[in-house]
Amino acid sequence: MSPQMDRRAFRDLSYGLYLVTSMDGDRLNGQVVNTVIQVTSDPARVAVIINKKNLTHDFISRSRVFGVTVLEQSAPMAFFGPFGFRSGRDVEKLSRVEYKLGTTGCPLVTGHALSVLEARVLDQIDLGTHTIFIGDVVSSEVLKSGRPLTYQYYHEELKGKSPPSAPTFEPPAQEQPKA
């Protein structure tokens, strides 16, 4: 790792851990993300950043809607693990979780959730490997109070890993050849 690019510095940025969901017709999907931000308050707009290889990206691109679930800190690894390390091309991710359909028809995961919101895509920005989807919030709801799950807590307390498609993925350190 070069002194100019110590990727560990990115872990000091403040992140949450969220589920972003979408749909394609009657197919539902979702994934874990660490980047959901409120970009304006009036009108209420949020942005999510999604890897182009992920099925959720395809669904948001086609349906032009997405949902966000703010996870509670007490969510067990087994709950959100499938959303981060399994593809919706291979498994029905929402088949074993509590969710409801929002006003747009987008699924909103309610299990282990503090709050949910849904948005209609207003614009998007191509970042090469990822896309920023900016959406007008059409509904939001606080489900309960509690501590939101942060990326720091996920890594330090739960010993969670980042999948290769995550912006914060760190490849395993390469062993130096012996002289």
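Numbering-wise, my numbering puts 106 at position 119 of the sequence shown, and it's gapless, one number per residue.
All C-beta atoms in this analysis are idealised placements derived from N, C-alpha and C, irrespective of residue type, glycine included.
Taking C-alpha atoms, which residue in the options lies nearest to residue i?
i, options, result
"residue 123", "69, 24, 64", "24"
"residue 111", "63, 48, 18", "48"
"residue 127", "31, 26, 134", "31"
"residue 115", "26, 6, 36, 3", "36"
"residue 99", "-6, 86, 21, 10", "86"
"residue 119", "16, 52, 14, 11", "52"
Residue i lies in the beta strand (DSSP E); which residues open and close that run?
i, result
"residue 120", "117 to 129"
"residue 76", "From DSSP, residue 76 is part of no beta strand (DSSP E); its letter is neither H nor E."
"residue 12", "Note, residue 12: premise wrong, no beta strand (DSSP E); not H, not E."
"residue 38", "31 to 38"
"residue 28", "23 to 28"
"residue 94", "94 to 96"
Could you spell out where the alpha helix (DSSP H) holding residue i opens and where it closes?
i, result
"residue 45", "42 to 50"
DSSP on residue i, reduced to helix/strand/coil?
i, result
"residue -4", "helix"
"residue 69", "helix"
"residue 101", "strand"
"residue 86", "strand"
"residue 5", "strand"
Classify residue i: buried if its beta carbon has 16 or more other beta carbons within 10 angstroms, exposed otherwise.
i, result
"residue 18", "buried"
"residue 91", "buried"
"residue 62", "buried"
"residue 27", "exposed"
"residue 58", "buried"
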